[in-house]
Amino acid sequence: MIIRIRATWRWLRLITHVIVGLSLTLLLTGILRRSSTSPVFQRTKQWWLSKVVRIIGGQLQVTGSILPGAKLVVANHVSWLDIPVLGAVLNPSFLSKAEVQHWPVIGWLANQAGTLYITRGQAGAANQAANTIVQALQENQTVLLFPEGTTSDGQDVKTFHARLFAPALEANVPVQPIAVRYLAANGELSTVVPYIGEQSLLQNLHALLREPFIKIEVHCLEPIDSIGLARKTLAQHCEQAIRAIVAPASSALLSATF
Numbered sequence: 013m014i015i016r017i018r019a020t021w022r023w024l025r026l027i028t029h030v031i032v033g034l035s036l037t038l039l040l041t042g043i044l045r046r047s048s049t050s051p052v053f054q055r056t057k058q059w060w061l062s063k064v065v066r067i068i069g070g071q072l073q074v075t076g077s078i079l080p081g082a083k084l085v086v087a088n089h090v091s092w093l094d095i096p097v098l099g100a101v102l103n104p105s106f107l108s109k110a111e112v113q114h115w116p117v118i119g120w121l122a123n124q125a126g127t128l129y130i131t132r133g134q135a136g137a138a139n140q141a142a143n144t145i146v147q148a149l150q151e152n153q154t155v156l157l158f159p160e161g162t163t164s165d166g167q168d169v170k171t172f173h174a175r176l177f178a179p180a181l182e183a184n185v186p187v188q189p190i191a192v193r194y195l196a197a198n199g200e201l202s203t204v205v206p207y208i209g210e211q212s213l214l215q216n217l218h219a220l221l222r223e224p225f226i227k228i229e230v231h232c233l234e235p236i237d238s239i240g241l242a243r244k245t246l247a248q249h250c251e252q253a254i255r256a257i258v259a260p261a262s263s264a265l266l267s268a269t270f
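Put into structure tokens, the structure is as follows:
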């Protein structure tokens, strides 16, 4: 009974918060004509994402510091929840597949928030994505990528795709790796948060809303200077740094192997 009441109450709060977000976005971009890069819009977006995390029951714990200025941020990818979590901490520009901009409600919000889009499966799509990221970095933005290209169960880190690091080299900006861990109420890695398999977004969200709380660790690791590094080397450095936090046993084994 308690679990059902908790989930229902959080659903109501979340729906209300989405309506508030739509209203604020319409006010700022439609009536007040503020751009997605304006300070007031950025502060509002960060507040909105932070509250999404709190409504779901997330308890954020951030270690380390965020490098100021333009940078490419890379993180391990566990769930759609990574977006509001890292948005609350970093307030970055997000890179998303082009289809998202046509989704009801979410697409409109993403468009107004200045999301960067890539078109997958088309000729020249990779170059288009790289150029979009480079331009954002040259405009002193923080761009967030998930170099694994897919979500995992959070117990280890998949191989980072080196080609995604090319924009940092072209724009001559540092790369900051960030490790994210989700812990259940019992202190173990959460098996509810990972958005994997055949589970739908609504199913995953409903399961999250039933949890007492979720402890979210965000580890902001040392930035890596990209100048003079090959993109493969840069990708490996970031992957190893994140794995050392997410899966220390696996990291130690790989280090011993090599």
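So the mapping is simple: our numbering equals the position in the sequence shown, first residue as 1, plus 12. Quick reminder that beta carbons are idealized off the backbone N, C-alpha and C, glycines included.
Assigned exposure category for residue i - 16 Cβ within 10 Å defines buried
| i | result |
| --- | --- |
| F225 | exposed |
| L24 | exposed |
| Q167 | exposed |
| L107 | buried |
| E210 | exposed |
| W115 | exposed |
| I68 | buried |
| G240 | exposed |
| E200 | exposed |
| R255 | buried |
| F270 | Below a pLDDT of 50, predicted positions are generally treated as unreliable, and F270, at 49, falls in that range; no measurement from the model is reported. |
| R16 | exposed |
| V52 | exposed |
| L40 | buried |
| E251 | buried |
| G70 | buried |
| R45 | exposed |
| Q151 | Note that residue 151 is Glu in the sequence shown, not Gln. Per the 10 Å Cβ criterion, exposed. |
| E223 | buried |
Beta-carbon gap between residue i and residue j smaller than 7 Å
| i | j | result |
| --- | --- | --- |
| A247 | F158 | no |
| V146 | S105 | no |
| I257 | A191 | yes |
| A125 | K57 | yes |
| L213 | R22 | no |
| T37 | H89 | no |
| I208 | D237 | no |
| G33 | W59 | no |
Nearest to residue i (by Cα), restricted to the options the options
| i | options | result |
| --- | --- | --- |
| C232 | A125, N88 and I78 | I78 |
| N216 | T203, I228 and H114 | T203 |
| H173 | N184, G161, A183 and N139 | G161 |
| G81 | D94, L149 and L72 | L149 |
| R175 | A138, V205 and E151 | A138 |
| T144 | L121, P206, W120 and E182 | E182 |
| T28 | T75, K63 and R46 | K63 |
| V65 | W92, G42 and L44 | W92 |
| V230 | G42, T49 and I95 | I95 |
| I31 | W120, Y194 and E234 | W120 |
| S47 | L195, S35, N123 and L26 | N123 |
| E234 | M13, G76, S50 and R193 | G76 |
| L128 | G42, T49, S35 and A242 | T49 |
| N184 | I14, L26, R243 and I43 | R243 |
8 Å contact criterion, which residue i and residue j should meet: CB distance rounded
| i | j | result |
| --- | --- | --- |
| L98 | A110 | No, L98 and A110 are not in contact; Cβ-Cβ is about 21 Å, not under 8 Å. |
| Q73 | I228 | 7 Å |
| Q54 | N103 | 6 Å |
| V169 | A259 | 7 Å |
| A19 | H218 | 7 Å |
| A142 | P179 | 5 Å |
| A253 | P189 | 5 Å |
Closer than 6 Å: residue i CB and nearest the ligand HEM heavy atom
| i | result |
| --- | --- |
| W21 | Among the components of this structure there are no ligands whatsoever, and the ligand HEM is therefore not found. |
Exercise for the section: Would you mind listing the alpha helix (DSSP H) stretches within the stretch 82-129 that are 4+ residues and don't spill past its ends, in chain order? Expected result: If you keep only unbroken alpha helix (DSSP H) runs of at least 4 residues inside the stretch 82-129, you get 94-102 and 118-124.
Problem - Contiguous alpha helix (DSSP H) assignments of at least 4 residues, all confined to the stretch 209-246 - result: Along the length of the stretch 209-246, whole alpha helix (DSSP H) runs at least 4 residues long occupy 213-221, reported in chain order.
Handout entry: Entirely enclosed alpha helix (DSSP H) segments - the stretch 168-211, minimum 4 residues
Key = Whole alpha helix (DSSP H) segments, 4+ residues: 178-183.
Problem - Continuous alpha helix (DSSP H) assignments of at least 4 residues falling wholly in the stretch 18-76 - result: List check, alpha helix (DSSP H) in window: 51-68.
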